[in-house]
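Take a look at the structure below.
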Amino acid sequence: MSREEFLTELRKALQGRVSQQAVNDNLLYYEEYILTESHKGKTEAEVIAELGNPRLLAKSIIDAENATTEKTTAEPQKEMDGQETAFGEYSFKKIKIRIWLILATVFLFVILLIILLAQVVAFLLPVLLPVAIIFFLFIAMGMNKRF
54 MSREEFLTEL
64 RKALQGRVSQ
74 QAVNDNLLYY
84 EEYILTESHK
94 GKTEAEVIAE
104 LGNPRLLAKS
114 IIDAENATTE
124 KTTAEPQKEM
134 DGQETAFGEY
144 SFKKIKIRIW
154 LILATVFLFV
164 ILLIILLAQV
174 VAFLLPVLLP
184 VAIIFFLFIA
194 MGMNKRF
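Quick note on numbering: the sequence shown equals residues 54 to 200 in the working numbering.
Structure follows, in structure tokens:
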């Protein structure tokens with residue numbers, strides 16, 4: 054079976070059972086797949102044989118499309134950590150996680166600021182301590198002269 058025959062049979066099997074967009078997307082995908090595999094060294098016949106019967110492939114596509122459609126039209130529910138939760142609870146959990154991330158970031162920022170201030174003090178202490186001692190000595194000597 055040639056690439057054109059395969060794609061024609063696939064189109065016939067899909068037509069009217071899935072959206073036209075899904076038909077076009079799948080035909081484009083399988084045409085590109087066959088061409089890509091052919092460029093890798095396989096013959097078109099080998100690639101098509103690996104893909105199998107286009108009608109069975111179409112059945113799989115139709116089943117997948119119907120399952121997707123049923124899932125999107127069913128009542129929306131969110132699952133988180135294996136438990137079914139309402140949308141509000143899910144949003145609350147996301148907000149709670151964001152708050153914890155913000156708090157952790159602020160905490161780290163404060164710790165880094167304290168470390169930075171400690172480094173500045175440690176750097177300036179050898180300079181400021183003698184200056185402070187001399188300053189206090191001059192003040193002390195000045196107080197003795199007045200009395």
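We treat Cβ as the ideally placed atom computed from N, Cα and C, and that holds for glycine.
Note the first and the last residue of the continuous alpha helix (DSSP H) segment covering residue 77.
The residue labelled residue 77 in the question sits at position 24 within the sequence shown. That run of the alpha helix (DSSP H) goes 73-92.
Looking only at DSSP bridge pairs, what is residue 68 linked to?
Taking the sequence shown and counting its residues from 1, one reaches residue 68 at position 15. Residue 68 pairs with 71.
Going by the CB atoms, is the gap between residue 76 and residue 88 shorter than 8 Å?
Translated into the one-based positions of the sequence shown, residue 88 becomes position 35. Translated into the one-based positions of the sequence shown, residue 76 becomes position 23. No, these two residues do not count as a Cβ contact at 8 Å.
From the DSSP output, in three-state form, read off residue 54 for me.
As a working mapping, residue 54 is identified with position 1 in the sequence shown. Three-state result, residue 54: coil.
At the level of alpha carbons, what is the spacing between residue 188 and residue 158?
To locate residue 188, count along the sequence shown from 1; it is residue 135. To locate residue 158, count along the sequence shown from 1; it is residue 105. If I take the Cα positions, the gap works out to 42 Å.
Taking the C-alpha atoms as reference points, what is the distance between residue 119 and residue 57?
The sequence position of residue 119 within the sequence shown is 66, counting from 1. The sequence position of residue 57 within the sequence shown is 4, counting from 1. Near 26 Å, if we compare the C-alpha coordinates of residue 57 and residue 119.
What is the DSSP secondary structure of residue 105, counted as helix, strand or coil?
Here residue 105 corresponds to residue number 52 of the sequence shown, with the count starting at 1. DSSP places residue 105 in coil when its eight states are reduced to three.
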